[in-house]
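J.:
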Ligand code: CAA
Ligand code: NAD
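Residue numbers (the UniProt record's numbering): 56 to 360.
In structure tokens form, the structure reads like this:
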């Protein structure tokens, strides 16, 4: 790892080049919002097909954003934003110049640690590393890196769909430096988002409340108490949620939700979260096994029209 002093790039206003790993639902959204707000983006994934999938997500979303942002020149708006985004499958090349890395790959501790351990040897010393994990321990992911980097490591948790959801949770580990935290707050604001702060706990704020609610909804349907349609209608019209839990599950992805629950079962063994919240749900596991992952696979609790 080559360049420079540890105190320059992390300082206020320092993040200009953002590298995003994972061109799926979340990574594409994070890259897009960064590009819309003037950051230079490198988007990286393991295959060209995954990168193309990410670019398709961005193009589709941008057409909605452009209609509002620049209705007279949708093409020009889209072109300007897209010109801020480069793609590559070469992870080492992707981080060469990055001031900030945001990782949004599969929700697996091992896979995330492997990636960050590798990137630690390739990125600038001053580069800040952040994970978009939904549910894993940020501290445990950061431990794949050296001590210096652990001070420049935090959670930066965006919400789906990224272009529309205002919130970002910033997760500090005991090692995260003030400078890193401040730089992340600043880049979050630059991306037009509203930051909140949380300690490194399972699910942070939103998912700690939202995931047990979604799991409980599946148990309700599994028992035959009500249909997904009626549960959704009930929560939309009776509790004012913009989407009921089954629409939301399809949106988030059943695979991602299943990873979260199984990761938390291990934490429950250690007493960090209560066991009842994360009991296995055969209905969800069968849906995942058969590829009914939600919107991203065309079918979940609902079929995508
Ligand atoms: N790209 C760009 N803009 C989008 C968009 C996208 N993919 N999706 C929605 N929007 C914009 C629309 O253009 C619209 O903008 P304006 O109000 O400026 O016109 C606005 O968002 C609202 O969209 P719609 O009118 O089409 O539809 P809606 O009112 O039903 O809102 C929604 C859509 C914002 C997705 C809303 O249904 C909602 O808030 N759903 C709940 C989403 C949620 O809870 N997400 C969190 C999931 S949990 C998570 O992400 C954490 C995790 O770790 C698992
Ligand atoms: P996704 O399945 O849509 O995309 C994941 C992408 O990561 C895929 O394109 C895959 O090819 C790529 N990938 C896998 N291993 C990789 C590697 N080693 N290097 C580079 N790319 C790799 O998943 P997603 O829904 O975008 O979730 C990504 C992360 O964001 C997860 O940690 C998830 O928990 C978190 N998250 C998800 C949501 C949500 O609602 N789906 C919300 C917030 C956070």
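Note that the Cβ used here is the ideal one computed from N, Cα and C, for glycine as well.
Remember, predicted model here, so these are calculated numbers, not experimental data.
#1: I'd like to confirm the pairing. Which residues does DSSP put opposite residue 253 in its beta bridges?
#2: Does the segment 135 to 142 come close enough to the segment 162 to 172 that 3 or more CB-CB pairs lie under 8 Å?
#3: Less than 8 Å between the CB atoms is what I'm expecting for residue 346 and residue 307, so what's the real figure, rounded?
#4: Which whole-angstrom value describes the C-beta separation of residue 72 and residue 152, a residue pair presumed to lie in contact below a C-beta threshold of 8 Å?
#5: Less than 8 Å between the C-beta atoms of residue 209 and residue 225, yes or no?
#6: Please list, in chain order, all residues of the same chain as residue 129 whose beta carbon is under 8 Å from its beta carbon, the five residues on each side excluded.
#7: Would you report the Cα separation of residue 189 and residue 311, rounded to the nearest angstrom?
#8: Buried or exposed, going by whether 16 or more other CB atoms sit within 10 Å of the CB of residue 102?
#9: In whole angstroms, what separates the C-alpha of residue 95 from that of residue 89?
#10: Rounded to the nearest angstrom, what separates residue 270 and residue 321 at their Cα positions?
#11: Need the endpoints of the beta strand (DSSP E) that residue 403 sits in, please.
#12: Which residues does DSSP pair with residue 184 in a beta bridge?
#13: In angstroms with no decimal places, state the Cα-to-Cα distance between residue 219 and residue 351.
T.: Result, derived from the coordinates:
#1: Position 198 of the chain shown, counting from 1, holds the residue named residue 253. Per DSSP, 226.
#2: no
#3: Counting from 1 along the chain shown, the entry for residue 346 is found at position 291. Counting from 1 along the chain shown, the entry for residue 307 is found at position 252. 16 Å between Cβ atoms; not a contact.
#4: Start at 1 with the first residue of the chain shown, and residue 72 comes out as number 17. Start at 1 with the first residue of the chain shown, and residue 152 comes out as number 97. About 5 Å separates the two Cβ atoms, so the contact holds.
#5: Looking up residue 209 in the chain shown gives position 154. Looking up residue 225 in the chain shown gives position 170. Yes, they are a contact pair.
#6: Counting from one through the chain shown, the residue named residue 129 turns up at place 74. So the qualifying residues of the chain are 118, 121 and 122.
#7: Position 134 of the chain shown, counted from the start, is the residue given in the question as residue 189. Position 256 of the chain shown, counted from the start, is the residue given in the question as residue 311. If you take the alpha carbons of residue 189 and residue 311, they lie about 9 Å apart.
#8: Your numbering for residue 102 matches position 47 in the chain shown. Residue 102 should be labelled exposed.
#9: Here residue 95 is taken as the residue at index 40 of the chain shown, counted from 1. Here residue 89 is taken as the residue at index 34 of the chain shown, counted from 1. Straight-line Cα distance between these residues: approximately 8 Å.
#10: As a first step, residue 270 is located in the chain shown; it is residue number 215 there, counting from the start. As a first step, residue 321 is located in the chain shown; it is residue number 266 there, counting from the start. One C-alpha to the other measures close to 17 Å.
#11: The structure shown does not extend to residue 403, since the chain spans only 56 to 360, so no value can be given for it.
#12: Within the chain shown, the letter at position 129 stands for residue 184. The partner list for residue 184 (beta bridge, DSSP) reads 156 and 208.
#13: Within the chain shown, the letter at position 164 stands for residue 219. Within the chain shown, the letter at position 296 stands for residue 351. Roughly 18 Å separates the two Cα atoms.
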